[in-house]
Amino acid sequence: MTAPVSLVGRDLVSVADLSAAEVGLVFERAEALKREFRETRRHAAPALVGRTLAMLFQKPSLRTRVTFEAGMAQLGGHAIYLTHEVVLSARESVRDVARNLERFVDGIVVRTGPHEVSVELATAASIPVINGLTLREHPCQALADVFTMRERFGRLDGLVVAFVGDGNNVYHSLVLLGAALGMEVRLAHPAGYAPNERIVTQARELASGSGGRLSFGNDPVEAVRGAAVVYTDAWTSMGQEAETEARRDAFAGFRVDDALLDAAGPDAMAMHCLPDHRGEEITSAVMDGARSLIWEQSENRLHVQKALLVESLGGTEGA
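Just so it is clear: in the sequence shown, position 269 is 269 by the working numbering, and no numbers are missing.
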C-alpha cells in the first residue's frame with residue numbers, strides 16, 4: 001500500500017476507498033480522540049470549530065445519527081439532521097441537492113437505501129460525502145468494528161473473524177476491510193443468503209495483496225472454530241419486514257449463544273452491530289456477558305467517526 005496521504009476533501013462511499021495505510025491514519029486519530037474523551041469528556045482543542053455537517057437520513061438510526069451529531073458537537077462543529085425535508089430523487093434530484101449543500105456546509109453524511117444514491121451524491125458534491133449506510137455497504141460500522149478488534153487483540157494481521165448470518169451490507173464492508181488488512185474473514189450463512197458476488201470478487205483481490213483469507217460455508221460451528229471474533233447481525237433488517245417469518249426459519253440454526261462461542265474457543269469474543277433481537281440471532285447471556293465486545297464496539301462508532309470527520313474535513317492540529 002502507498003504511504004498515507006491527506007484525506008481532506010475525500011469521500012467514503014465504500015470502505016475500500018481507503019488504503020490500509022489510510023485506515024491506520026484514521027485509527028491513530030481515533031485512539032487519540034478516544035483517550036482524551038475518556039479522560040475528560042471534552043477536547044481541549046476542538047478540531048472542527050465552525051464546521052457544519054449535513055446529515056441526509058432516509059433510514060432510521062440510533063448509533064449513526066447520535067455518534068455523528070454528538071461527534072460534531074464535541075469537536076466544536078454543528079450537524080444538521082435532514083429527513084423528510086429532503087427526499088432525494090423525488091423533491092429534488094440528487095445532483096441538485098449536492099450542488100446546494102456544497103455551498104452551505106462542509107460535509108455530508110448520507111444514510112439511504114440504494115448504494116447508487118451515495119455514489120451519485122459523492123460524484124456531484126465538491127465536499128466530502130460519507131456513507132452512513134446503504135443496502136450494499138456500511139463502511140463506518142466496519143471501521144469501528146475493526147478498530148475494536150485491534151484494541152482488544154493488539155493486532156489485525158491473521159486475526160480470524162467468523163460472521164454468522166446474512167451476507168448483508170455489514171458483512172460486505174467487514175469483508176472488504178478485513179481482506180485489505182490481512183485478516184481471515186469467514187462467513188456461515190443459510191442457503192440463499194450469500195453475499196454480493198461483486199463484493200466477494202473485490203475482497204478476494206484485496207486479500208491477494210495483503211495475505212488475507214476468505215471462506216464461506218453453511219455450518220456455523222465449523223466456521224467459528226479457532227475464531228477470535230464471532231460476529232452476527234439481525235436476521236431481518238430495515239425493509240425486509242415482509243420476510244421476517246421466512247428468515248426466522250432459514251436462520252434458526254445460526255444463533256450466537258454460549259455453546260457457539262465455546263466452539264470458537266475460550267478467548268473468542270462476540271460482536272454485533274446493533275440493533276439486536278435478543279433471543280433470535282444472539283442471546284442476552286452473550287450480549288451482556290464477559291465475552292461481549294458489543295458495547296465497546298458501539299462506543300467506538302463515536303471515536304472512529306470523529307477521526308474520519310477530522311481527517312476528511314481538515315480539522316486543526318492538536319485535536
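All C-beta atoms in this analysis are idealised placements derived from N, C-alpha and C, irrespective of residue type, glycine included.
Residue i in three-state terms, based on DSSP
i      : result
Asn300 : helix
Ser6   : coil
Tyr171 : helix
Ser312 : helix
Val164 : strand
Val229 : strand
Leu18  : coil
Val13  : coil
Arg278 : strand
Val256 : strand
Arg29  : helix
Anticipated Cβ contact below 8 Å, residue i with residue j, distance rounded
i      : j      : result
Val256 : Ile282 : 5 Å
Val110 : Val119 : Going by Cβ atoms, the distance from Val110 to Val119 rounds to 10 Å, so no, they are not a contact pair.
Asp145 : Leu174 : 6 Å
Phe254 : Gly165 : 5 Å
Thr320 : Gly77  : Residue coverage of the chain in this structure runs from 1 to 319, which leaves residue 320 outside it and unanswerable.
Asn131 : Val13  : 5 Å
Those residues which DSSP pairs with residue i across a bridge
i      : result
Met55  : Tyr81, Val109
Leu133 : Arg111
Glu92  : Leu88
Ser292 : Ala270
Leu214 : Val185
Own chain partners of residue i with C-beta closer than 7 Å, once the 5 adjacent residues on each side are dropped
i      : result
Lys34  : His303
Arg10  : Pro128, Ser312
Asn300 : Ala144, Phe147, Thr148
Chain-order list of residues whose beta-carbon lies under 8 Å from that of residue i (same chain, five-residue window excluded)
i      : result
Gly167 : Leu187, His189, Tyr193, Ala194, Pro195, Asn196
Gly113 : Gln58, Lys59, Thr134, Leu135, Gly239
Ala3   : Only weak support is given to the placement of Ala3: the predicted model assigns it a pLDDT of 49, under 50, and the value that follows is read from those uncertain coordinates. Excluding positions up to five away in sequence, the list reads Ala21.
Cβ-based neighbour list, residue i, same chain, cut-off 6 Å, excluding 5 preceding and 5 following
i      : result
Gly212 : Ala179, Gly182, Met183
Val185 : Val161, Val175, Gly178, Leu214
Phe163 : Tyr171, Leu187, Tyr231
Leu121 : Val94, Ala98, Val110, Val129
Cβ contact check for the region 41-59 and the region 268-279: 3 or more pairs under 8 Å: No, the region 41-59 is not in contact with the region 268-279.
For the region 138-150 against the region 205-222, do three or more pairs of beta-carbon atoms, one drawn from each stretch, fall closer than 8 Å, so that the two count as touching? Note that the region 138-150 does not touch the region 205-222; fewer than 3 beta-carbon pairs, one per stretch, sit closer than 8 Å.
Does the count of Cβ pairs from the region 13-20 and the region 35-46 closer than 8 Å reach three? Contact fails: fewer than three Cβ-Cβ distances are below 8 Å.
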